Structures are given as C-alpha cells and as structure tokens.
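Enquirer:
2 protein chains.
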Amino acid sequence: MSKHLTKRAEDYSKWYNELIVKADLAENSAVRGCMVIKPYGFAIWEKMQAELDRMFKETGHQNAYFPLLVPKSLFEAEEKNAEGFAKECAVVTHYRLETDPDNEGKLRVDPNAKLQEELIIRPTSEAIIWNTYKGWIQSHRDLPLLINQWANVMRWEMRTRPFLRTAEFLWQEGHTAHATREEAVVEAKQMQEVYATFAEEFMAMPVVKGAKSESERFAGAEDTYTIEALMQDGKALQAGTSHFLGQNFAKAFDVKYTSKEGKQEYVWATSWGVSTRLIGGLIMTHSDDAGLVLPPKLAPIQVVVVPIYKGEDQLNAIFDKMKPIVEELKSKGVSVKFDDRDTMRPGAKFAEYELKGVPVRVAIGNRDLENGTVEVARRDTFDKQTVEQSNLVDFVSNLLEEIQSNLFNKALTYRNTHITKVDSFEEFKDVIENKGGFVSAHWDGTEETEDKIKDLTKATIRCIPNDVVEEEGTCVFSDGKSTRRVLFAKAY
Amino acid sequence: MSKHLTKRAEDYSKWYNELIVKADLAENSAVRGCMVIKPYGFAIWEKMQAELDRMFKETGHQNAYFPLLVPKSLFEAEEKNAEGFAKECAVVTHYRLETDPDNEGKLRVDPNAKLQEELIIRPTSEAIIWNTYKGWIQSHRDLPLLINQWANVMRWEMRTRPFLRTAEFLWQEGHTAHATREEAVVEAKQMQEVYATFAEEFMAMPVVKGAKSESERFAGAEDTYTIEALMQDGKALQAGTSHFLGQNFAKAFDVKYTSKEGKQEYVWATSWGVSTRLIGGLIMTHSDDAGLVLPPKLAPIQVVVVPIYKGEDQLNAIFDKMKPIVEELKSKGVSVKFDDRDTMRPGAKFAEYELKGVPVRVAIGNRDLENGTVEVARRDTFDKQTVEQSNLVDFVSNLLEEIQSNLFNKALTYRNTHITKVDSFEEFKDVIENKGGFVSAHWDGTEETEDKIKDLTKATIRCIPNDVVEEEGTCVFSDGKSTRRVLFAKAY
Chain A
46 MSKHLTKRAE
56 DYSKWYNELI
66 VKADLAENSA
76 VRGCMVIKPY
86 GFAIWEKMQA
96 ELDRMFKETG
106 HQNAYFPLLV
116 PKSLFEAEEK
126 NAEGFAKECA
136 VVTHYRLETD
146 PDNEGKLRVD
156 PNAKLQEELI
166 IRPTSEAIIW
176 NTYKGWIQSH
186 RDLPLLINQW
196 ANVMRWEMRT
206 RPFLRTAEFL
216 WQEGHTAHAT
226 REEAVVEAKQ
236 MQEVYATFAE
246 EFMAMPVVKG
256 AKSESERFAG
266 AEDTYTIEAL
276 MQDGKALQAG
286 TSHFLGQNFA
296 KAFDVKYTSK
306 EGKQEYVWAT
316 SWGVSTRLIG
326 GLIMTHSDDA
336 GLVLPPKLAP
346 IQVVVVPIYK
356 GEDQLNAIFD
366 KMKPIVEELK
376 SKGVSVKFDD
386 RDTMRPGAKF
396 AEYELKGVPV
406 RVAIGNRDLE
416 NGTVEVARRD
426 TFDKQTVEQS
436 NLVDFVSNLL
446 EEIQSNLFNK
456 ALTYRNTHIT
466 KVDSFEEFKD
476 VIENKGGFVS
486 AHWDGTEETE
496 DKIKDLTKAT
506 IRCIPNDVVE
516 EEGTCVFSDG
526 KSTRRVLFAK
536 AY
Chain B
46 MSKHLTKRAE
56 DYSKWYNELI
66 VKADLAENSA
76 VRGCMVIKPY
86 GFAIWEKMQA
96 ELDRMFKETG
106 HQNAYFPLLV
116 PKSLFEAEEK
126 NAEGFAKECA
136 VVTHYRLETD
146 PDNEGKLRVD
156 PNAKLQEELI
166 IRPTSEAIIW
176 NTYKGWIQSH
186 RDLPLLINQW
196 ANVMRWEMRT
206 RPFLRTAEFL
216 WQEGHTAHAT
226 REEAVVEAKQ
236 MQEVYATFAE
246 EFMAMPVVKG
256 AKSESERFAG
266 AEDTYTIEAL
276 MQDGKALQAG
286 TSHFLGQNFA
296 KAFDVKYTSK
306 EGKQEYVWAT
316 SWGVSTRLIG
326 GLIMTHSDDA
336 GLVLPPKLAP
346 IQVVVVPIYK
356 GEDQLNAIFD
366 KMKPIVEELK
376 SKGVSVKFDD
386 RDTMRPGAKF
396 AEYELKGVPV
406 RVAIGNRDLE
416 NGTVEVARRD
426 TFDKQTVEQS
436 NLVDFVSNLL
446 EEIQSNLFNK
456 ALTYRNTHIT
466 KVDSFEEFKD
476 VIENKGGFVS
486 AHWDGTEETE
496 DKIKDLTKAT
506 IRCIPNDVVE
516 EEGTCVFSDG
526 KSTRRVLFAK
536 AY
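Chains A and B, in that order, give the protein sequences. With the first sequence counted from 1, adding 45 to any position gets you this note's numbering. With the second sequence counted from 1, adding 45 to any position gets you this note's numbering.
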C-alpha cells in the first residue's frame, strides 16, 4: 500500500476513498455495496456507540432486539413507508441449498424450499416493531414505551460509498410509543437534541438543527427533525434524523391503548436513528491531506509514544522512563499506545499515525532521556513542542481538550462562513456552484419549486432551521410569497 | 398475563417456555423461528457481552464487522463447511419489490430484479472472513490476526426454541489466523478456557471442558473444543465451542504468508463462538418454580427496594431514609431499583421480582422506619432477614457475593452427582432414561457405535473431557477396545 494520498483539492472524492483504505478504517467486500469495517474503523464506531448508548439510557430508553427479516405482508402494511423502501429491498425467497447435480462440489438453491411468503431484510424496523408493540400496549400504563435497537439494516442502493451509503450498514433505531401527540413531538425533538449534542461534543462536528420539508421527510413520517453538518467540500451531510410518525404506524398495525378515561385511542409514535454514516461525516469534517484527523473523544488511540533508539539498552531505558507516565495517563482514562515495534523506523511510524489521525504523538530519544524531555506533536496543527517529562501528564491531558475544542471551532468557523444569504436565483446558483455550503434563501413552500431548484442546481432543502426567523420575503426562484428562509445545499 | 407458572416437575419444557414470557425475557415473533428479545432479556445479554468483550480484548482480540450476506460461490468454497450448513440457509434472490398490479396497495417481488448470484444470510462467517483475510495476510508480520465480530446469524432450523435454537440469533464469532499449527491450537484452547471462566464465574454455571468426537465437530474443523453444561432436567447443553480449523479455510481461500525463512505457507485458523443460547443455559441452570433466578453478576437489577406505605408522607419518609443507602450502593457498582409505582401493591411487586429473578429484595415499611431496619429477602433461598439500615450497604454487598457462589455451588453439586460411571449398556440406558445427566463410559472410538447408541438412547457423546484419564477398557456398547471414558448425555 502506497502512503501517497490524493490531495483534497485534486479530487475530494478520491481522497475520501483512499483515506478510508490507507487509514485502515474499512474496505470494499465481495458483496456489492457492502463494506468490511476493519478493527481501527470499528473501534471508532464502538466509541460512538458507547457514548450514544449512555445518552439514550440517560433519557430513559432501553435496548431490545427485533428480527432481521420482515414478512412482506407486514412490510407493506404502512403504505407510504413500504413504498419509500420497496425499491431497495433485499428479499429472501428460499430457505435451503442443495447439492447441484450438474456441478460437482457446488450448491444451488433448492427449488422445493421456496417460502410461502417472502421475507424482506429490514431496511428499517417500524413494521416488525409496531406489529410487536400491538401486543405490548393495552393501557396508558404501558406508555410511554421507549425502546432502542442496535442493528444492521439493508438498503439496496444503486450507488454506494463507504460509510456514507452502503447496502448494509450498522445503526441504532429508536422506536417509541406515546399517549399523546405532544409527548411524541417532545420525544422526537429531544432525540434531535441528543444527536446534536453528540455530534458537537464528541465528533466536534457542528450541526444545524431543523425540520425537513415534506418531500425530504422519512417515508411514513409527519415530521422529520434532522441534524445537518457541512463537509469540507461544501456539501451537506444529513447526520441523524428523528421522526414524529403521528398515528400512521399505530393505525397500520392497530395499536390502541385505553386512556385514563377508559377510551380506546391510537398510540403516537416516533423513530430516530444514526448510523455508521457518522464515521463518513467525522472523516470529512476534520481530515486533511496527510490523512485522518480524529477528535480525541472518539480516537481509539489518543496518544502514541514512539521511542527513537539504537539498540535494546536505549529502548529499555526509554521504556523504563515512560512506563510510569503511560500508566498515569491510562489511569486518567487516556488511551495510550507505546509503539516499540522493531520492524519499522520512527519516521515510518510518524507517517502511519498521521495517516490514522492519532491526536497526540510523543517522541522520545536518547537526548531527551538526558534532558528529561520529550517531543510532543499534535495532529490537528502539526505543532511540535519540547515538554518536560515531569509535566507530561498534565500537558497531554490539557492538549487533548485543546485539540477537541480547536477541531470544533475550526469546523464551526468553516460552517458559519459557509451559510450564505441570497436573494436572487443567480446568486443562489453562483454560491451553490462556486462557494458551496448552505444557502439561506426564501422559498414559496411548494414542492414544485423545490423540484425545479433541484433539477437546475442539484441543491435540496436541507432543513428549515429550528431557530428560523419568521420574516416576509419573496421566493428566490418563483417570486412567490415566503415567510422564512430555509437552508439549501448540495448533499451527500 | 397470568402469574401462574407451570411447575418444572410437571412439564419442564412448558415451564421453560412460560418462564421466558412471564419474566419478560423474550417472545415469539411474526417470523417463523425468530424471537423478539425484550428489554429485560436484552439487558442480560448486554451484561454478558460486556464481560466477554472485555475478556476477548484482554486476550489481544479486536472487533471488526463483515457483511451479513455471503455470495454463494464463496459460501461453497470450503466444501465441508458449506455442506454442513447448506440445508439451513436463508437465500436472498432479489433486490427489489414493485407495486402488485393485481392487488392494490400490495407489493410483490420484482421479477426483473433477480440477482445474478444468490446471496446467503451468514449462518457463520468463515467464508466471507477468510475471503477477506486473503487480502490482509502476506507476511508472518501480519500474524497472528486476532479478530472478533458481534453479529446476528441465521440458521433455518426446523424445530426452534427460544434462546436455545432460533432461526436468527445473536452471537460473537472469533476468527483468528496463525503462522503455525501449534499457535492455532493454543488459541483455540485458550478461548475454550475463556468461555469456561465466563460460564463459571459470571453465569455460575459449571461446565465440563472437552473435545468433540469427529461426528460432532463443527463442519470444516479439525478439532472442536466445547464447554458442556448440565441443565436441571438432566440434559446437557453445548454452551460454547472453539474450533481448530487446520488449514482448511486457508486452502479453500488461498491464504498464504511468507515465513521468516521466505517460504510461502498456508495459514492456520481458529474460530469460536457463544450466542444468546447462553441465556437459555442461564435459565435452566438456576431458575425454579417461582420463576427466574439470576446470578448477581449478570442481573440487570441486583437489588430492588420496595416501600410499604400508606399515603405520600410515609412514602416520602421511606424515600428520604433509603436514598443515601441506594446512592451508596450505586457508587459501589450495585444496580438498585427503588420501586415507588403506586399502581401495584407490594405483594404484587414481590411476585413480579421473584418471577424476574432479582437476587435481593429490600422491603421497608413504617415499623422499619421506627426501628431503623429493613427486611432483606434473597431470591435463591427465599430466606428473609431483618437488617439494620446502618449496616445495609455492607450486608447487601456481601449477600450478592454469597448468592453468586451459592448458585454456583448448588449447580456444581447437581452436576457432580450427575456424572455417572457405567460399565454396561443396560446401566447406560437406565441412567440416561431415569437419572439423567452425563454418563461416563468407555467407547470404541467408532462413529458406528456412536450412531447406534444415539439411535437407541438419544444420547450423544458430549465430549472427551480435557482431564480424561487414559485407561484400558471395553466399549460399553460394542465390547471393543477403549483407552478412555467419554461423556454421553441427551442434549439440547
């Protein structure tokens, strides 16, 4: 594997694909559109999972597990949802293979083992879950029902890209049931907040919180709340969504509860999810031409110590000096790797950890031993500094916090300078085409305008921001009346 | 849902199925053979996962994720493995649904979206993983490769039972690659030890460690190391297996490495797994006619506090008194629930927590408030005791340890008194039929004898124990020569 990485300015998409392979995050598999998540990439996902799972539990949710396969008759029960996913469904039709009589040592599908009813690999689990909730909900005492599932799902997309859009992906899907519309809306908005907090505090990725326009909503939802991030190439990324589902699934699966007043009422629903797509967002928010850049809070290795030595005696002396420091860092919850591989020179190790985005590198050689110092290099700015060994633990602890906030602030500045107010369609096209980022523009609220703008510019409405200001205006495209600006962008 | 639970002596199998539903662990789903794991059952699985994952990482393994679907041509590459699983494979043949023109609002499989090559839902992942390892392994420096995956798998079994045998189940599968036969064998045996330690220390479930006879080995393995537990009804449960795969998969997928001497060599492999089946084993090791009994180390709720009160003032007084105690227990890592639901009487709560196997129940009423006491009840023995509030934290901490070891010792005594040495086939049949448990008997080592014994008694060779004593003997069935006793039992 060559260390050479395409530059972002040359070909952003190529840079992204190469980076994923070279940083050892993931690779394509033998199955169309499905990737293998390698240990280093998976370790980032595990860190994300741990924080999100904690946040879900702190907001009262419990985990459960529902079947991978959905009988077709259940899948099609909520028509809009079914229609939305029908074109991307992997379908199980048979349950057995047999020896192929025409091909020694080969197998074929046993034609006698055809299922009476086809089974769909879940593209999302509303159908199977709401069919189950029917049995769980009778009384208002059974509500709210607050459940999350960590699972794999499958959407047979035609064009796939690692992490961003894969046929199979890993995600979590929350599915909640409530007695009232108000409570369900509060839940859906709460989870949008949870996602935004996670994105900003852990991923150091600023997001705009908003609602989707009708045409961009989840199939079967009455409202979709989204967090939208901005990638370095000026394209937006939908990073997480939380849906208010109204009573659509309750009606499709006949889920009613007896209210305190003894009435039978349909239940109100939400669902919400984030996926391994977040790793794509993480990469495209912070990384650079030298490779991956990781915020310390999600870095599998936060600090790497590279000894620079000749012979085993020097290595041992460095090890003895660093061991108590490494232990102290570990006891403070910092993940540290001491890289004593003798199969690689220090320079090659430096390059490897740059590529893999390890936030802090500590190098220590013979002269450092004499001087009681080390060299500390930070990945985000490439700054290097000589630090006293006696002060290293505090220095590194502070530095990790500083890197975390520096990455967020840098991304925030970029994002904020890439929200451009426009008042004419010429300007709109110019910004979308040349500057990139979000365009804040008046829109007449019609799907027709939305479609035409998309056809002409490839930009879509990313969201109607939560903090939108109500103001009279004129649609940037149709000159029709508008009451607020919305955010457009090209998107992943 | 009725609280009445069938007694074990009446119908063990019915007791098991009812318990799972009444203790809120799981339920059947709309998909044949697939269950829904409910939050309380899933919380047990999460505790198991956390401990196992820690143990895997401590032994040097990393997690990764490989695709759910396996192209048929890869699946069939290792012939024995493919043959072993072919009859249980769910097969994806199409990737799209379309509107059914004959049925308004319904969908049908789009005949134009047939896959060129069928995809198998993984029954186990050796094929897809070894096809990937081919790209990861070139040199001896890439070895050992020590990877684990947490995943769902699917085996289309004809007869299913919750947790014990389900079409879809959750598991972990370790897949490792090594430079030498010896190292791979050491790895496979190490993981058998890890599983045994987990079973005994966390599940409080004693196991026999041993090797499988050839006919009971994993399809494609050269040796299968197993841990076998004994259920209360005298049937054995294969609780975890670790396989030495020789070079079978390396040869099927052409995975070679360059040795230190510069030679091209095939890689040696292991795989090992435990699944949600462990929850079935946990249930059938400890539970009783009153419901689930959980070892404290895996109990989602270790201690429940039930206030017995009239009116809000009493409840508040109890709450104020217990709060610091509950907090102190939590700070020691004990999971405590204070159940102040006003929709249920204390007696109903007691019954619910008995059914759900909460190890320790603390009840506190008005008189306890006056006396500075509480009533502590333990689930394993039903013993009750009055305890000073001031001493409660220490008392409960010790009690949890005592329950954990009591459960293990009880199960160990049962298991040890149910390993019966027999020297005649009459005795063999009698023990299998009437006493149950393991039968330790001489066997001539032939598959023919194994098959006949199975036909006549339904007992199979569970394992050749690791600590078997080599001794001359005569096969219990054929009178042929034998060099050691092996363990037979009826099994799940």
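All C-beta atoms, glycine included, are put in the ideal place defined by N, C-alpha and C. Predicted model only: the values in this text are computed from it and were never measured.
(1) Which residues, in chain order, does the region 192-204 of chain B contribute to contact with chain A at a C-beta distance below 8 Å?
(2) Over what stretch of residues does the alpha helix (DSSP H) that includes Tyr61 of chain A continue unbroken?
(3) Is the Cβ-Cβ distance between Ile166 of chain B and Leu114 of chain B less than 8 Å?
(4) For chain B, check one thing: does any of its Cβ atoms lie closer than 8 Å to the Cβ of Lys305 of chain A?
(5) At a CB distance below 8 Å, what residues from the region 132-144 of chain B approach chain A? Give them in sequence order.
(6) Answer with yes or no whether the minimum CB distance from Glu103 of chain A to chain B is below 8 Å.
(7) Given that a residue counts as buried once 16 or more other Cβ atoms are within 10 Å of its Cβ, and exposed if not, what is Ser527 of chain B?
(8) So Leu164 of chain A contacts chain B; which residues on that side make the cut at Cβ distance below 7 Å?
(9) By DSSP, does His331 of chain B sit in helix, in strand, or in coil?
(10) Check each residue of the region 148-163 of chain A: if its Cβ is closer than 7 Å to any Cβ of chain B, include it; give the result in chain order.
(11) Would you kindly work out how many angstroms separate the C-alpha atoms of Met46 of chain A and Ala54 of chain A, rounded to a whole number?
(12) Looking at C-alpha atoms only, which residue of B:Ser523, B:Thr502, B:Trp488 is the closest neighbour of Val513 of chain B?
(13) Does the CB of Pro369 of chain B have a neighbour CB from chain A at under 8 Å?
(14) When we look at the beta-carbon of Ile65 of chain B and count the other beta-carbons within 10 Å, is it buried (16 or more) or exposed?
(15) Run through DSSP, which three-state label would Tyr85 of chain B get?
(16) Let me check one thing: in DSSP terms, what residues is Ser527 of chain A bridge-paired to?
(17) Under a Cβ-count criterion, where at least 16 other Cβ atoms within 10 Å of its own Cβ denotes burial, should His49 of chain A be classed as buried or exposed?
(18) According to the Cβ coordinates, are Val405 of chain B and Arg423 of chain B closer than 8 Å?
(19) Between which two residues does the beta strand (DSSP E) harbouring Met199 of chain B extend?
(20) Below 8 Å between beta carbons is the criterion; list the residues of the region 96-123 of chain B that meet it against any residue of chain A, in chain order.
(21) Does Thr177 of chain A get closer than 8 Å to chain B when you measure Cβ to Cβ?
(22) Where does the unbroken beta strand (DSSP E) through Asn73 of chain A begin, and where does it stop?
(23) Hey, is Leu445 of chain B's beta-carbon within less than 8 Å of any beta-carbon in chain A?
(24) Using a Cβ-Cβ cut-off of 6 Å (strictly less than) and excluding sequence neighbours within five positions of Phe440 of chain A, which residues of its own chain qualify?
(25) Starting from Glu162 of chain B, follow the beta strand (DSSP E) in both directions and report where the run begins and ends.
(26) Using only alpha-carbon positions, find the residue among B:Glu245, B:Val319, B:Ala127 that is nearest to His220 of chain B.
(27) For chain B, is any of its Cβ atoms less than 8 Å away from the one on Lys83 of chain A?
(28) What is the DSSP secondary structure of Ala122 of chain B, counted as helix, strand or coil?
(29) Hey, quick one: how far does the beta strand (DSSP E) through Gln283 of chain B stretch, first residue to last?
(30) Take Ser184 of chain B and list the residues in its own chain whose beta-carbon comes closer than 7 Å to its own, dropping the five residues that flank it on each side.
(31) Would you kindly report the start and end of the unbroken beta strand (DSSP E) that includes Phe364 of chain B?
(32) Specify the secondary structure class of Glu267 of chain A as computed by DSSP and reduced to three states.
(33) Under 8 Å Cβ-Cβ, which residues of chain B neighbour Glu388 of chain A?
(34) Roughly how many whole angstroms lie between the Cα atoms of Leu323 of chain A and Glu123 of chain A?
(35) Does the beta-carbon distance from Gly336 of chain B to Glu420 of chain B come in below 8 Å?
(36) Check each candidate in A:Phe247, A:Ala68, A:Thr104, A:Pro251 and name the one with the smallest Cα separation from Asn461 of chain A.
Expert: Taking the geometry as given:
(1) If the cut-off is 8 Å between Cβ atoms, the region 192-204 of chain B has Ile192, Ala196, Asn197, Met199, Trp201 near chain A.
(2) The residue labelled residue 61 of chain A in the question sits at position 16 within the first sequence. Taken as a continuous stretch (DSSP letters only), the alpha helix (DSSP H) holding Tyr61 of chain A covers 57-67.
(3) By one-based count along the second sequence, residue 166 of chain B stands at place 121. By one-based count along the second sequence, residue 114 of chain B stands at place 69. Yes. Within cutoff.
(4) Position 260 of the first sequence, counted from the start, is the residue given in the question as residue 305 of chain A. For Lys305 of chain A, the answer is no, since every Cβ of chain B falls outside 8 Å of its Cβ.
(5) Correct list: Lys132, Glu133, Cys134, Ala135, Val136, Val137, Thr138, His139, Tyr140, Arg141, Leu142, Glu143, Thr144.
(6) In the first sequence, residue 103 of chain A corresponds to position 58, counting from 1. Output row for Glu103 of chain A: interface = no.
(7) The sequence position of residue 527 of chain B within the second sequence is 482, counting from 1. That one is buried.
(8) On the first sequence, residue 164 of chain A is found 119 positions in, with the first residue counted as 1. Residues of chain B passing the Cβ test: Val76.
(9) Against the second sequence, residue 331 of chain B aligns to sequence position 286. Looking at His331 of chain B - three-state DSSP - the assignment turns out to be helix.
(10) Within the region 148-163 of chain A, the qualifying residues are Gly150, Lys151, Leu152, Val154, Glu163.
(11) Position 1 of the first sequence, counted from the first residue, corresponds to residue 46 of chain A. Position 9 of the first sequence, counted from the first residue, corresponds to residue 54 of chain A. With a pLDDT of only 43 at Met46 of chain A, under 50, the local geometry of the prediction cannot be trusted, and no value is derived from it.
(12) Here residue 513 of chain B is taken as the residue at index 468 of the second sequence, counted from 1. Comparing C-alpha distances from Val513 of chain B to each of B:Ser523, B:Thr502, B:Trp488 shows the shortest one belongs to B:Trp488.
(13) Taking the first residue of the second sequence as position 1, residue 369 of chain B is located at position 324. Chain A places no beta carbon closer than 8 Å to that of Pro369 of chain B, leaving this residue out of the contacts.
(14) Here the question's residue 65 of chain B lines up with position 20 in the second sequence. With at least 16 other beta carbons inside 10 angstroms of its own, Ile65 of chain B counts as buried.
(15) Looking up residue 85 of chain B in the second sequence gives position 40. When secondary structure is reduced to three states using DSSP, Tyr85 of chain B falls in the helix class.
(16) Reading the first sequence from its first residue, position 482 is the one you call residue 527 of chain A. In the DSSP assignment, Ser527 of chain A forms a beta bridge with A:Gly518.
(17) In the first sequence, the residue the question calls residue 49 of chain A occupies position 4. Taking every protein chain shown into account, the CB of His49 of chain A has fewer than 16 other CB atoms within 10 angstroms, so this residue is exposed.
(18) Indexing the second sequence from 1 puts residue 405 of chain B at position 360. Indexing the second sequence from 1 puts residue 423 of chain B at position 378. Yes.
(19) Taking the first residue of the second sequence as position 1, residue 199 of chain B is located at position 154. Counting along the chain, the beta strand (DSSP E) containing Met199 of chain B begins and ends at 190-199.
(20) Cβ contacts with chain A come from Gln107, Asn108, Ala109, Tyr110, Phe111, Pro112, Leu113, Leu114, Val115, Pro116, Lys117, Leu119, Phe120, Glu121.
(21) As a position in the first sequence, residue 177 of chain A is number 132, starting the count at 1. It does: the Cβ of Thr177 of chain A has a partner Cβ on chain B nearer than 8 Å.
(22) For the purposes of this step, residue 73 of chain A is taken as residue 28 along the first sequence, with counting starting at 1. Run containing Asn73 of chain A: 71-73, per the beta strand (DSSP E) assignment.
(23) In the second sequence, counting from the first residue as 1, residue 445 of chain B sits at position 400. Residue-level contact by beta carbon fails for Leu445 of chain B and chain A, as no gap is shorter than 8 Å.
(24) In the first sequence, residue 440 of chain A corresponds to position 395, counting from 1. Here the set comprises Val432.
(25) Counting from one through the second sequence, the residue named residue 162 of chain B turns up at place 117. Unbroken beta strand (DSSP E) run through Glu162 of chain B: 159-166.
(26) Translated into positions along the second sequence, residue 220 of chain B becomes position 175. In terms of CA proximity to His220 of chain B, B:Val319 leads the group B:Glu245, B:Val319, B:Ala127.
(27) In the first sequence, residue 83 of chain A corresponds to position 38, counting from 1. It does; some Cβ of chain B falls within 8 Å.
(28) For the purposes of this step, residue 122 of chain B is taken as the residue at position 77 of the second sequence. For Ala122 of chain B, the three-state secondary structure derived from DSSP is coil.
(29) In the second sequence, the residue the question calls residue 283 of chain B occupies position 238. From DSSP, the beta strand (DSSP E) with Gln283 of chain B extends over 281-291.
(30) Your numbering for residue 184 of chain B matches position 139 in the second sequence. Cβ neighbours of Ser184 of chain B beyond the five flanking positions: Tyr302, Thr303.
(31) What you label residue 364 of chain B is simply residue 319 of the second sequence in a count that begins at 1. Segment 356-376 is the alpha helix (DSSP H) holding Phe364 of chain B; no beta strand (DSSP E) there.
(32) Counting from one through the first sequence, the residue named residue 267 of chain A turns up at place 222. If DSSP states are grouped into helix, strand and coil, Glu267 of chain A belongs with coil.
(33) Along the first sequence, read from residue 1 onward, the residue named residue 388 of chain A stands at position 343. According to the sequence as given, residue 388 of chain A is Thr; it is not Glu. Chain-order list of chain B residues neighbouring Thr388 of chain A: Arg186, by C-beta distance under 8 Å.
(34) Here residue 323 of chain A refers to the residue found at position 278 when the first sequence is read from its first residue. Here residue 123 of chain A refers to the residue found at position 78 when the first sequence is read from its first residue. Approximately 28 Å, taken between the alpha carbons.
(35) Mapped onto the second sequence, residue 336 of chain B falls at position 291. Mapped onto the second sequence, residue 420 of chain B falls at position 375. In this structure, Gly336 of chain B lies away from Glu420 of chain B, with their beta-carbon atoms at least 8 Å apart.
(36) In the first sequence, the residue the question calls residue 461 of chain A occupies position 416. The residue with the shortest Cα to Cα distance from Asn461 of chain A is A:Pro251.
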